[in-house]
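Protein sequence lines, in the order shown, are assigned to chains A and B.
Count along the first sequence from 1, then add 14; that gives the number in the working numbering.
Count along the second sequence from 1, then add 14; that gives the number in the working numbering.
Virtual Cβ for every residue (Gly too), placed ideally from N, Cα, C.
Note that the coordinates shown come from a computational prediction; the quantities given were computed from them, not determined experimentally.
Number of protein chains: 2
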Amino acid sequence: MRILARDIAGYIGTEIVLNGWVHRIRALGGISFIILRDRSGFVQLVMNEAPHITLESVIKVSGIPTANEKAPGKVELLVRSWECISSALPDLPYHVNGRITKQNLETILEQRVLSLRNPQINAIFKVQATVIEAFSAYLRSQDFTEIKTSKIVSSGTEGGTELFEVEYFGKKAYLAQSPQFYKEVLVASGLERVFEVAPVFRAEKHDTPRHLNEYISLDVEMAFIESEKALIELEKQVLAHIFESVAQKHPHELTLWNAAVPDSESVFKSPIISYQEALNIAAEAKQSRFFDITPEVERLVCEWSVKEKGTALVFINEFPSRLRPFYTYPLDGSLTMSFDAIFRGLEITTGGRRHHNVHAFIESLEKFGLKAEQMAHYLSVLNYGCPPHGGFALGCERLTARILGLTSVKEASLFPRDRKRTTP
Amino acid sequence: MRILARDIAGYIGTEIVLNGWVHRIRALGGISFIILRDRSGFVQLVMNEAPHITLESVIKVSGIPTANEKAPGKVELLVRSWECISSALPDLPYHVNGRITKQNLETILEQRVLSLRNPQINAIFKVQATVIEAFSAYLRSQDFTEIKTSKIVSSGTEGGTELFEVEYFGKKAYLAQSPQFYKEVLVASGLERVFEVAPVFRAEKHDTPRHLNEYISLDVEMAFIESEKALIELEKQVLAHIFESVAQKHPHELTLWNAAVPDSESVFKSPIISYQEALNIAAEAKQSRFFDITPEVERLVCEWSVKEKGTALVFINEFPSRLRPFYTYPLDGSLTMSFDAIFRGLEITTGGRRHHNVHAFIESLEKFGLKAEQMAHYLSVLNYGCPPHGGFALGCERLTARILGLTSVKEASLFPRDRKRTTP
Numbered sequence: 015m016r017i018l019a020r021d022i023a024g025y026i027g028t029e030i031v032l033n034g035w036v037h038r039i040r041a042l043g044g045i046s047f048i049i050l051r052d053r054s055g056f057v058q059l060v061m062n063e064a065p066h067i068t069l070e071s072v073i074k075v076s077g078i079p080t081a082n083e084k085a086p087g088k089v090e091l092l093v094r095s096w097e098c099i100s101s102a103l104p105d106l107p108y109h110v111n112g113r114i115t116k117q118n119l120e121t122i123l124e125q126r127v128l129s130l131r132n133p134q135i136n137a138i139f140k141v142q143a144t145v146i147e148a149f150s151a152y153l154r155s156q157d158f159t160e161i162k163t164s165k166i167v168s169s170g171t172e173g174g175t176e177l178f179e180v181e182y183f184g185k186k187a188y189l190a191q192s193p194q195f196y197k198e199v200l201v202a203s204g205l206e207r208v209f210e211v212a213p214v215f216r217a218e219k220h221d222t223p224r225h226l227n228e229y230i231s232l233d234v235e236m237a238f239i240e241s242e243k244a245l246i247e248l249e250k251q252v253l254a255h256i257f258e259s260v261a262q263k264h265p266h267e268l269t270l271w272n273a274a275v276p277d278s279e280s281v282f283k284s285p286i287i288s289y290q291e292a293l294n295i296a297a298e299a300k301q302s303r304f305f306d307i308t309p310e311v312e313r314l315v316c317e318w319s320v321k322e323k324g325t326a327l328v329f330i331n332e333f334p335s336r337l338r339p340f341y342t343y344p345l346d347g348s349l350t351m352s353f354d355a356i357f358r359g360l361e362i363t364t365g366g367r368r369h370h371n372v373h374a375f376i377e378s379l380e381k382f383g384l385k386a387e388q389m390a391h392y393l394s395v396l397n398y399g400c401p402p403h404g405g406f407a408l409g410c411e412r413l414t415a416r417i418l419g420l421t422s423v424k425e426a427s428l429f430p431r432d433r434k435r436t437t438p
Numbered sequence: 015m016r017i018l019a020r021d022i023a024g025y026i027g028t029e030i031v032l033n034g035w036v037h038r039i040r041a042l043g044g045i046s047f048i049i050l051r052d053r054s055g056f057v058q059l060v061m062n063e064a065p066h067i068t069l070e071s072v073i074k075v076s077g078i079p080t081a082n083e084k085a086p087g088k089v090e091l092l093v094r095s096w097e098c099i100s101s102a103l104p105d106l107p108y109h110v111n112g113r114i115t116k117q118n119l120e121t122i123l124e125q126r127v128l129s130l131r132n133p134q135i136n137a138i139f140k141v142q143a144t145v146i147e148a149f150s151a152y153l154r155s156q157d158f159t160e161i162k163t164s165k166i167v168s169s170g171t172e173g174g175t176e177l178f179e180v181e182y183f184g185k186k187a188y189l190a191q192s193p194q195f196y197k198e199v200l201v202a203s204g205l206e207r208v209f210e211v212a213p214v215f216r217a218e219k220h221d222t223p224r225h226l227n228e229y230i231s232l233d234v235e236m237a238f239i240e241s242e243k244a245l246i247e248l249e250k251q252v253l254a255h256i257f258e259s260v261a262q263k264h265p266h267e268l269t270l271w272n273a274a275v276p277d278s279e280s281v282f283k284s285p286i287i288s289y290q291e292a293l294n295i296a297a298e299a300k301q302s303r304f305f306d307i308t309p310e311v312e313r314l315v316c317e318w319s320v321k322e323k324g325t326a327l328v329f330i331n332e333f334p335s336r337l338r339p340f341y342t343y344p345l346d347g348s349l350t351m352s353f354d355a356i357f358r359g360l361e362i363t364t365g366g367r368r369h370h371n372v373h374a375f376i377e378s379l380e381k382f383g384l385k386a387e388q389m390a391h392y393l394s395v396l397n398y399g400c401p402p403h404g405g406f407a408l409g410c411e412r413l414t415a416r417i418l419g420l421t422s423v424k425e426a427s428l429f430p431r432d433r434k435r436t437t438p
């Protein structure tokens, strides 16, 4: 039976079988040292020959685990026999065992099929899987129901801009830029608390380290809230659970990226500042004026928070209505019950309370130059008993990128989609 | 603080607050009985008045829970005060509290925003959430990593037919009909074992109770298998865990549909029969010949299995190569290491071992009239060390539909997409 690399110390002196990829080969006289890689880690193989084998080939080896203080993991396998299961071509277009600090992002993404094998890159997606698992587990523990809503839609939630068009049996359809409308339908359906983990699609022309044209949105919506503050409290709990889970399951992956996650205490004490306060903090730091929450403001506000509050997570609320979608609930004439979360200098969440009163909603539409007739689908939710509600969306790649300190969100997408990239 | 309907028995004699939807109203002289619905269930409210309120309105009530043998749940709330939070229009276009046996599917889907409130319909999606949760949990327990792959792709995995076209910044792209290629990249990346829960898109013209143009695919792929039998064993474990979880969490929802899930013992003893045997069994049952696994054959084979083996789950393997995609691993000249799972008369899974040897793969391509140059992306996986591997995909809506005995898979999709439907 096959044993995994991480378990071999339990088999010292017993012949076992390992399967994996040839990560590194070093020949010293008549002895060869091979580092074998499997899903669980690495093992050093010792062979009394110079095997004809290429890097990245998949092999099966039999041998006896033996203690060796100098070997990685302090146990190595003395090989009795081996066979090649799948031979790799000798000229690798990408150095899987190389250090990624010496590689540019373009190469990493062009050679995605091989670059995903690099242990440091591979680690990103083990962490991301735990982000998704912990997000879902915490919400389930709070009585949220997981939903899966359609991605082919007849119009955009946000009013029709930046949509990808789909040819749907001779008619035009679009890719959903958010499950916003469907989340609200399901809150009002009586589920009250829902979450969704799914792709969203944004036909934005930006090509920056902050943008993806397709990304995984971690969406939440809940009924019976009075303001966005309940959502911020929920998001703190969600993030604290995600960080704890990543810390517990991925000490090795965090080390590879020289990264650490915030502790729960620092998450819970994260400040809530208003939009205007955020601009003031940035203005004071730079001695210049800002008129919107730009990427620079996000960085400055986080720097302020780290220094003054001891946390790199900041919530900004009370955004002006002109900056938020038409479904956002007003705080007063010009401000809204909405918020962003900024983590380590990057916006990772947008959220807020939404309109639930049909009359206030129609009034709000007019301010946005929209007509009630265009919003018949929204009216069908609000006209038949809709509780006060709100929600938020966490960008999965952005959160993963800020946990590990990646320079671009593209690094946190298995197969990123940007202006020029639809392959691999 | 708000109390949920399911918890009121713990508050007898204490004034509490409930929030929810007005499900039913019955006035008897000066007393009104209202059934209030929240995410946890129902409570009977007793009011000494005839309140001006419409069905489906959202209300907040204060009152005192009191034991009453005749009330649903044996506890009712004597209302002290109440207020309307969101008033529903009096003419509901759909009777939320009606019996769905009297409604046709077209009405249910047209009025989706309201029909999702019907407790029996709502229950479908509570069960579906558990199907997804249990699928993911079992695979995580077996060292599988959750992946999220791009849905915008440059070409189809299966060879280019039945793809929805997307306008991508002036170029043509498509919606992924399967994550097949990406699953294989990730198996070969060293993750070895991966799963994905995500939408897939099929531009099939069929409009039947078995088909959706967008559905949730529960995808699995794993390395180091010798044949499809290892995948069938894994699927039995996955299904047993799903059924156990549904039985444990949803006795109420199962009762609403008069449904029951198979026990683990019957799942584990499910037979594996070959494609040819399946045709023979159907032929014997109907005294006529069959030339493919048609819906009728699926039903007949399940009937045979229930009678002869005591289980409504059947695995069919050894499909002819001409019926399987080009990446399927051969068993011999004309048969393949592939399988379908049929559950209660409906195919819920297709799977199999895949090619991992590049030479055999290229040979196989030729038989399908495909050229290696068209498959450069596949070669980039197989050329650089690829373990023997395989996987399968479970249709989430189909499985949910067969668990509950729904007549159409459309009923198991929150917002189904078919030939004519892109709303709501």
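Residues of its chain near residue i, where Cβ-Cβ distance is below 7 Å and the 5 sequence neighbours each way are ignored
| i | result |
| --- | --- |
| T414/B | I138, V141, Q142, V145, A426 |
| Y152/B | Q251, V252, H255 |
| C400/A | A202, H370 |
| A297/A | R303, F304 |
| A217/B | E176, L177, F178, N227 |
| Y182/A | I166 |
Residues bridged to residue i (per DSSP)
| i | result |
| --- | --- |
| S46/B | A41/B, M61/B |
| H403/A | A237/A, R368/A |
| G77/A | I30/A, V93/A |
Residue from the options whose Cα sits closest to the Cα of residue i
| i | options | result |
| --- | --- | --- |
| P57/A | A326/A, D21/A, V201/A, N294/A | Note that residue 57/A is Val in the sequence shown, not Pro. Nearest of A326/A, D21/A, V201/A, N294/A to V57/A, Cα basis: D21/A. |
| Y289/A | F329/A, S259/A, K243/A | F329/A |
| K219/B | G184/A, W318/A, R338/A, W35/A | G184/A |
| K84/B | V75/B, F47/B, S95/B, L119/B | F47/B |
| A212/B | T437/B, G87/B, S164/B | S164/B |
| V214/A | M15/A, L177/A, K385/A, T308/A | L177/A |
| F429/A | Y229/B, S54/B, V167/B | V167/B |
| R51/A | Y343/A, V36/A, D277/A, E310/A | V36/A |
| L327/B | N111/B, A244/B, E317/B, L393/B | E317/B |
| E247/B | Y229/B, E267/B, P285/B | P285/B |
Distance, residue j Cα to residue i Cα
| i | j | result |
| --- | --- | --- |
| G43/B | G77/B | 21 Å |
| L396/A | E377/A | 13 Å |
| P107/B | P339/A | 28 Å |
| I17/B | G204/A | 15 Å |
Contacts around residue i, its chain only, beta-carbon distance under 6 Å, and the 5 residues preceding and following it disregarded
| i | result |
| --- | --- |
| H264/B | V141 |
| W460/A | In the structure as shown, chain A begins at 15 and stops at 438. Residue 460/A is therefore absent and cannot be evaluated. |
| I39/B | I48 |
| G87/A | none |
Residue i at chain A interface by Cβ criterion, 9 Å
| i | result |
| --- | --- |
| V260/B | no |
| V127/B | yes |
| S164/B | yes |
| S100/B | yes |
| W35/B | yes |
| T437/B | yes |
| Q194/B | no |
| R224/B | no |
| H391/B | yes |
| P65/B | no |
| G170/B | no |
8 Å Cβ shell around residue i - same chain, five flanking residues per side excluded
| i | result |
| --- | --- |
| L270/A | P133, Q134, A137 |
| G324/A | S280, K283 |
is_contact[residue i, chain B] using C-beta, thresh 9 Å
| i | result |
| --- | --- |
| D157/A | yes |
| I161/A | yes |
| F149/A | no |
| P339/A | no |
| Q142/A | yes |
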